[in-house]
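If you're matching positions, the sequence shown starts at 18 in the working numbering and goes up one per residue. The beta carbon of each residue, even a glycine, is placed where N, CA and C say it ideally should be. Report on the structure given below.
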Amino acid sequence: MVHLLHGDDKVKPGFYKKIQELFERFPEAGAAFSRYSFIDGEGKESMEWVKEEDKDCILPNWLLRIGEMQRIQYVSMVVKREVYERLGTFFGMSYAEDWEMWVRIARYYPVAYSPDLLAEYRTHGQSMTFSDMADDHLFRYLNKAISHIQEHLPAESREAVLKRTHRYYARVHISHAQQTWKVTGNKKLVKKQLAESMSFSKAPTILFHVAKLYCKMLRMHSKPGKLQATKNW
């Protein structure tokens, strides 16, 4: 078994026992993972990822579900060594390469799952994806991953899955823009992230939230005493 555990992330007591139980109960599975939570730089839990199912199981319809969006973090996933040996290595990208791999695995193998909250994924201001927001790498690699993932999906499902993928990542980029504005006030970067959001989807709800953030920045720009903060407008 191969478990890629990054230095910032943690597993809880019982993680490896549960993974072993999943492989013993579902020997056909090529990989297994548990539910996980997000923790901040101080180790405090900030959010729990949703339950994929309510009980230990082989995930139904998993290829289309994981093909729609990234649902797994490295810390929660364990893969049989022979699966990696058969399917090859991760793509040479610094973002979303894991998502493409999880889809590749789901294409060829059943995947086992436990809803037990046994892994912790750390997010903080120095994380790779946060710093990469300032350039084009995140956006470019994400689009590259989406393109590769489409090739793994059944032809008749690709269009519908891609539409959901684009809608989801449009919302993600709006969330990034909101966080960037809150933390840095960098309007140039915020505008870039909003443009990336609209490149994924121009659905009415997406355009509404884009306009809402633009209005917030305009209000800040018009306030007296805020000229220094708005020099990059």
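- Here VAL100 is not near PHE50, since their CB atoms are 8 Å or more apart.
- Along the region 90-150, the alpha helix (DSSP H) occurs as fully enclosed runs of 4 or more residues at 98-104, 114-125 and 145-149, listed in sequence order.
- Counting only unbroken stretches of 3 or more residues, no beta strand (DSSP E) element lies wholly within the region 179-216.
- Nearest Cα to TYR185 within the set ASP25, PRO44 and GLU85: GLU85.
- Taking C-beta atoms under 8 Å as the contact rule, PHE55 and THR140 qualify, at a distance of about 6 Å.
- Distances from the CA of LEU134 to each of SER216, ILE36 and MET18 were compared; the closest alpha carbon is that of ILE36.
- Fewer than three Cβ pairs drawn from the region 106-113 and the region 168-184 lie within less than 8 Å of each other, which leaves the two stretches out of contact.
- By the Cβ neighbour-count rule, MET118 is buried, with 16 or more other Cβ atoms within 10 Å of its own.
- When DSSP states are grouped into helix, strand and coil, PHE50 belongs to the strand group.
- Membership of GLU65 in the beta strand (DSSP E) is indicated by the continuous run 62-65.
- ARG52 is the residue among GLU59, ASP71, ILE75 and ARG52 whose C-alpha sits nearest the C-alpha of GLU65.
- Contact between ILE83 and ALA48 does not hold, since the beta-carbon distance rounds to 11 Å and is not under 8 Å.
- Contact annotation, TYR130 with GLU70: C-beta distance approximately 6 Å; criterion of less than 8 Å satisfied.
- In the three-state DSSP reduction, LYS72 falls in the coil class, being neither helix nor strand.
- For PHE156, the uninterrupted alpha helix (DSSP H) run begins and ends at 154-169, by DSSP.
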